[in-house]
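> To start, I am sharing the structure in question, which I have written as structure tokens.
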Amino acid sequence: MFELSNNLKINYNKLIIIGDIHGDLKRLKDILINENILNNNLQWIADNVIVVQLGDQIDSVNRRNDIENWELLKDTEVLKFTNILSNISKSKKSLFISINGNHELMNVLGNFSYVSTNSLYSDRHDNFKKNGIYSNILANRPLVLKINDLLFCHALIKKNHIDLLEKYNKDIFYINKLWTNYILLNKVNPEDKELFDKLILDNDGIVWTRNFDSKEDTEYVLKKLNCTYMFVGHNTVENINLYNNIWLSDNGISRAYGKNSFQYIKIENNTISIITI
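Sequential numbering from 644 applies to the sequence shown in this note's numbering.
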């Protein structure tokens, strides 16, 4: 299970928020080197920084037919690399936290429809099923994270999600327990079925939804969770932007989207900046 609390109260020098990666390990490294978190030898050199990656590290099929093949490594190399960063960052009083997205869930369920030809190897299904090398990594990653007054998830946390949790007298972080239990045990407890189905599997769930709440309902969610902002990926935008106190952070970083430049978010000295590479 995720070793640290999913509800962190922590001081940091810098917080970096990175949207969906979709197999592009090079561009992930570019961001970390640009922020002097890694050096050119890929050694972690920063102290007291936090990196949050918002999910969808895998599934690198090109989103347009006119994009030339760019993928030299299998998309699962991103999972391996971020797992290593999660471990070594702690020795520098830092954190690298990966959130699970819908594409991680798809692979656990055996849906490889967005896997590129290069990454569709014979053992992939075994590696993502119960006790597989990648399912064990994903089981340790949250669906929901809170750092001080900042909220993070892949797609969105909506008022109906909060209402459903309250129906069962559960807090928002119970979603992480549902996820971990499912990945490790490949089952859902009967009393958790409605929660699991509606919060995780459903098209309007927190890793899938593309339907935003009203401004009033978003304010309700943030106030209920004592948060100022929510940071999400999933819904690809041309430029990172703020919508009803929700930072839309999926800028289509991966070369699978055919873009020459890409963006991420930096929070430093209480200032939120959008950085373009």
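Note that beta-carbon positions come from the ideal geometry of N, C-alpha and C, so glycine has one too.
Kindly provide the ranges of any beta strand (DSSP E) runs that are 3 or more residues long and lie completely inside the stretch 648-695, ordered along the chain.
Runs of the beta strand (DSSP E) inside the stretch 648-695: 657-661.
> Does the structure place the stretch 794-806 close enough to the stretch 857-874 that three or more beta carbon pairs sit under 8 Å?
Yes: at least three Cβ pairs fall under 8 Å.
> Once the 5 residues before and after glutamate 646 are set aside, which same chain residues still bring their CB inside 6 Å of it?
Note that glutamate 646 scores 43 on pLDDT, short of 50, meaning its location in the model is unreliable; the coordinates nonetheless yield the value given after this. Cβ neighbours of glutamate 646 beyond the five flanking positions: none.
> Report yes if the CB atom of threonine 914 is closer than 8 Å to the CB atom of serine 904, and no otherwise.
Contact: no.
> Which residues does DSSP pair with cysteine 870 in a beta bridge?
Per DSSP, none; premise fails for cysteine 870.
> For proline 833, does the count of other Cβ atoms within 10 angstroms reach 16, so buried, or fall short, so exposed?
Proline 833 should be labelled exposed.
> Sort Tyr764, Leu842, Asn829 and Ile889 by Cα distance to asparagine 779 and report the nearest one.
If we check each option's Cα against that of asparagine 779, Asn829 comes out closest.
> Cα-Cα, which of Lys909, Leu799, Leu842 and Ile910 is closest to serine 857?
When only C-alpha atoms are compared, the closest one is Leu799.
> Identify whether threonine 879 lies in helix, strand or coil by the three-state DSSP scheme.
If DSSP states are grouped into helix, strand and coil, threonine 879 belongs with coil.
> Hey, could you find the ends of the beta strand (DSSP E) isoleucine 641 is sitting in?
Only positions 644 to 920 of the chain appear in this structure, which leaves residue 641 out of reach.
> List the residues that DSSP assigns as beta-bridge partners of glutamine 906.
DSSP output for glutamine 906 lists Thr919 as bridge partner(s).
> Name the DSSP bridge partner or partners of tyrosine 886?
According to DSSP, tyrosine 886 bridges with Ile889.
> Write down the C-beta distance between isoleucine 818 and leucine 786 rounded to the nearest angstrom, noting that I regard them as a contact closer than 8 Å.
Rounded, the Cβ-Cβ distance is 5 Å, consistent with contact.
> Pull up the DSSP beta-bridge partners for glutamate 911, would you.
Looking at the DSSP assignment, glutamate 911 forms a beta bridge with Thr914.
> At the level of alpha carbons, what is the spacing between asparagine 654 and tryptophan 890?
Spanning the two alpha carbons is a distance of roughly 21 Å.
> Can you tell me whether DSSP reads leucine 799 as helix, strand or coil?
Coil.
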